[in-house]
Amino acid sequence: MPTTPASRTTATIDTVDVPDDAGVPRSIARVLDLLEIVLAERSCNLTTAAATSGLTPTTALRYLRALEARGYLVRDGAGEFSAGPTILRIAASLRGSTSLERLITLAQPLLDALARDTGESAYLAVSDGHVGTYVATAESSRAIRHVGWIGQDVDLERSALGAALLAPGTTAFRTGAIEADIAAMSRAVAVDGSLGIALSLVGPDYRFTDQQRARHDAALTAAVDTLTTELHTNGEHTAS
Numbered sequence: 020m021p022t023t024p025a026s027r028t029t030a031t032i033d034t035v036d037v038p039d040d041a042g043v044p045r046s047i048a049r050v051l052d053l054l055e056i057v058l059a060e061r062s063c064n065l066t067t068a069a070a071t072s073g074l075t076p077t078t079a080l081r082y083l084r085a086l087e088a089r090g091y092l093v094r095d096g097a098g099e100f101s102a103g104p105t106i107l108r109i110a111a112s113l114r115g116s117t118s119l120e121r122l123i124t125l126a127q128p129l130l131d132a133l134a135r136d137t138g139e140s141a142y143l144a145v146s147d148g149h150v151g152t153y154v155a156t157a158e159s160s161r162a163i164r165h166v167g168w169i170g171q172d173v174d175l176e177r178s179a180l181g182a183a184l185l186a187p188g189t190t191a192f193r194t195g196a197i198e199a200d201i202a203a204m205s206r207a208v209a210v211d212g213s214l215g216i217a218l219s220l221v222g223p224d225y226r227f228t229d230q231q232r233a234r235h236d237a238a239l240t241a242a243v244d245t246l247t248t249e250l251h252t253n254g255e256h257t258a259s
């Protein structure tokens, strides 16, 4: 069927790069959203990427192909997208030289000690105010334990992590907020700037009795205080 003037007009309007509420051109925001979705999933097909982003499959595929062409993503024979050579090269070039890497280096021994002393999995999370992300972990040695991963995103609205970031100096506790039968305790590091930082303990909710929560609170508080001091000593910006 020949293309009508009306349909040509619709196509033109659909491709106009209108800024969103944050002033970011819509097409750029969509591309970045898709990149974040794929990286968060580690491996992601078109159906999942489109559904998660709210884009039509046709639009999502167009942006995913652009990311693939520039090396930010690769696609395997099954149609799964994952991190490409450009992303890996950028990550390698930043490794060891960023504030995040220094933060992880300082926090990892504290996470290891928390996991050993409390028997629960310990996590270091950072947040841009919209979502929290685990950037370092120490897994519990118990047979029944919580298993997260580096790069896992955590919803701030319902989680202990989100509550802790809103109230530095307090330890937040939530159970069943993100995962059924899972409890979490989080405490934020008071830092200057836009990046939120927190340590968390996560495990089966039946182990988080009042007595254990008091012990975990003391352990988290000590770890956060130590991390705050070490960040200050190493020249990172911590809130006074």
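Quick note: the sequence shown uses our numbering, first residue 20, plus one each step. Where is the CB? At the ideal position from N, CA and C, for every residue including glycine.
* Asked: On the premise that Ser140 lies in contact with Thr124, defined as a C-beta separation below 8 Å, what is that separation, rounded to the nearest angstrom?
  -> Contact check for Thr124 and Ser140: beta-carbon distance about 20 Å, past the 8 Å limit, so the pair fails to qualify.
* **Own chain, CB closer than 8 Å to Thr240, minus 5 neighbours either side, in chain order** => Contacts found: Thr190 and Arg206.
* To do: In angstroms with no decimal places, state the Cα-to-Cα distance between Thr245 and Ala134.
  => C-alpha separation (whole angstroms): 16 Å.
* Asked: In terms of alpha-carbon separation, which member of Ala217, Gly215, His165 and His235 lies closest to Gly195?
  -> For the residues Ala217, Gly215, His165 and His235, the minimum Cα distance to Gly195 belongs to His165.
* Asked: What's the gap between the Cα of Val57 and the Cα of Ser160?
  -> Near 30 Å, if we compare the C-alpha coordinates of Ser160 and Val57.
* Asked: DSSP puts Ser146 in a beta bridge; with which residues?
  -> DSSP output for Ser146 lists Gly151 and Gly215 as bridge partner(s).
* **Inter-residue spacing [alpha-carbon to alpha-carbon] between Thr247 and Ala126** => Rounded to whole angstroms, Thr247 to Ala126 spans 10 Å at the Cα level.
* What separation, rounded to the nearest whole angstrom, lies between the Cα atoms of Ile169 and Thr152? -> If you take the alpha carbons of Ile169 and Thr152, they lie about 8 Å apart.
* Asked: Whose C-alpha, out of Thr228, Leu180 and Asp200, is nearest the C-alpha of Gly215?
  -> Looking at the Cα atoms, Leu180 is the closest of the given residues.
* Asked: Any C-beta of chain D sitting closer than 8 Å to the C-beta of Ala85?
  -> The chain inventory of the structure shown lacks chain D, comprising one protein chain alone.
* Asked: Over what stretch of residues does the alpha helix (DSSP H) that includes Arg81 continue unbroken?
  -> From DSSP, the alpha helix (DSSP H) with Arg81 extends over Pro76 to Ala88.
* Between which two residues does the beta strand (DSSP E) harbouring Leu122 extend? -> Counting along the chain, Leu122 sits inside no beta strand (DSSP E); it lies in the alpha helix (DSSP H) bounded by residues Ser118 to Thr137.
* Asked: Candidates Thr75, Leu65, Gly222 and Asn253: which alpha carbon is nearest Glu87's?
  -> Restricting attention to Thr75, Leu65, Gly222 and Asn253, the CA atom closest to the CA of Glu87 is found in Leu65.
* Where the beta strand (DSSP E) through Thr228 begins and ends -> From DSSP, Thr228 is part of no beta strand (DSSP E); its letter is neither H nor E.
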